[in-house]
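J.: Below are the structure tokens for one structure; questions will follow.
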């Protein structure tokens with residue numbers, strides 16, 4: 004039976020920033036991006052706040068891929084309804100934070116934004132979405148390409164290689180069937196467990212490092228508090244959403260009643276009848 008492991012968001016925040024544990028993140032990113040990833044360093048920024056008031060977890064990582072290209076990969080975990088704007092803002096912030104003052108725009112870092120989503124996000128039936136930027140002609144629908152000079156300047160083959168890329172991992176949409184090594188990682192992200200026989204890069208180290216039973220008493224208490232906070236935030240998210248729906252319905256019903264009362268009044272129907280049908284008082288009907 005698989006042991007319960009520390010949730011990935013807590014691991015990112017507390018454990019995986021350590022150089023000794025880079026192999027876990029390297030494994031996950033290598034499986035996701037289909038290329039070998041080597042972490043050079045974790046980049047501290049204004050957003051990497053290690054406090055209980057940090058509403059969402061984010062870590063910026065400077066990495067090198069199999070082609071020796073230097074990238075900044077940003078991993079986020081959150082439960083926000085306005086998440087599309089959040090990842091856009093965070094990516095823009097990452098680019099500006101890691102461009103040296105006075106540097107040329109050609110030195111802007113390539114950013115890959117990896118977003119682990121533990122809530123229903125948008126409409127779709129997949130559990131991993133990949134987004135890039137490209138420019139398409141309005142008339143002939145051709146895709147704009149880089150010139151040879153631009154390819155040399157940017158060290159890139161296409162425009163999408165320059166602009167940020169986004170990966171959205173909708174954990175709740177995963178059906179718990181691991182069809183490949185990337186799915187083994189998604190299974191872990193969803194269930195906080197690693198099945199016997201899983202062999203994806205980084206999972207073996209994750210199983211050894213993220214074992215709840217290896218935590219100290221103080222670490223367990225902090226982790227338990229974190230889990231309780233997540234449950235509370237999830238409940239507040241659901242409650243706010245449901246309350247908003249109910250308020251919207253109540254407002255719609257109220258407006259419908261007023262419109263009905265107005266129409267009845269214009270039709271010459273007695274106030275007493277209007278009051279019985281709509282529940283409005285005579286004084287309220289008089290003001291319509």
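Residue numbers (my numbering): 4 to 291. Glycine included, every Cβ here is placed at the ideal spot set by N, Cα and C.
#1: Is the beta carbon of residue 32 closer than 8 angstroms to that of residue 76?
#2: What would DSSP say about residue 104, mapped onto helix, strand or coil?
#3: Report yes or no: do the stretch 195-209 and the stretch 20-37 share at least 3 C-beta pairs separated by less than 8 angstroms?
#4: Distance, Cα to Cα, residue 172 vs residue 204?
#5: Indicate the three-state DSSP secondary structure (helix, strand or coil) for residue 51 in the structure shown.
#6: Got a sec, what are the start and stop residues for the alpha helix (DSSP H) residue 157 sits in?
#7: Contact defined as beta carbons within less than 8 angstroms: I believe residue 139 pairs with residue 146. What is the distance between those atoms, to the nearest angstrom?
#8: So the beta strand (DSSP E) residue 168 belongs to, where does it begin and stop?
#9: Residues in its own chain within less than 7 angstroms of residue 111 by CB, not counting five upstream and five downstream?
#10: Excluding the five sequence neighbours on either side, which residues of its own chain have a C-beta within less than 6 angstroms of the C-beta of residue 170, listed in chain order?
#11: What does the alpha-carbon distance come out to for the pair residue 96 and residue 174?
#12: Just curious, the alpha helix (DSSP H) that residue 148 is in, first and last residue?
#13: Can you pull the DSSP bridge partners for residue 41?
#14: Using 8 angstroms for Cβ pairs, my map puts residue 11 next to residue 119. What's the rounded Cβ distance?
#15: I'd like to check one pair, residue 65 with residue 43: are the Cβ atoms closer than 8 angstroms?
#16: What residue range does the beta strand (DSSP E) around residue 116 cover?
T.: With the given structure in hand:
#1: The criterion of a C-beta distance shorter than 8 angstroms is satisfied by residue 76 and residue 32.
#2: In the three-state DSSP reduction, residue 104 falls in the coil class, being neither helix nor strand.
#3: By the C-beta criterion, the stretch 195-209 is judged to be in contact with the stretch 20-37, since at least 3 inter-stretch pairs fall below 8 angstroms.
#4: The alpha-carbon atoms of residue 172 and residue 204 are separated by roughly 18 angstroms.
#5: With a pLDDT of only 48 at residue 51, under the threshold of 50, the placement of this residue in the model should not be trusted; the figure read from the coordinates follows. Look at residue 51 here: in three-state DSSP terms it is coil, with no helix or strand label.
#6: Annotation for residue 157: the continuous alpha helix (DSSP H) segment containing it runs 151-157.
#7: Right, the Cβ-Cβ distance comes to about 6 angstroms (below 8 angstroms), so this counts as a contact.
#8: For residue 168, the uninterrupted beta strand (DSSP E) run begins and ends at 168-173, by DSSP.
#9: Residues of the same chain with a CB within less than 7 angstroms of the CB of residue 111, apart from the 5 flanking positions on each side, are 98 and 102 in chain order.
#10: Closer than 6 angstroms at Cβ, skipping near neighbours: 117 and 133.
#11: Residue 96 and residue 174 have their C-alpha atoms spaced approximately 25 angstroms apart.
#12: Here residue 148 belongs to no alpha helix (DSSP H), and DSSP marks it neither H nor E.
#13: Per DSSP, 67.
#14: Yes, they are in contact, since the Cβ atoms of residue 11 and residue 119 sit about 7 angstroms apart, within 8 angstroms.
#15: Against a cut-off of 8 angstroms, the Cβ pair of residue 65 and residue 43 comes out as a contact.
#16: Counted as a single uninterrupted DSSP element, the beta strand (DSSP E) harbouring residue 116 occupies residues 114-120.
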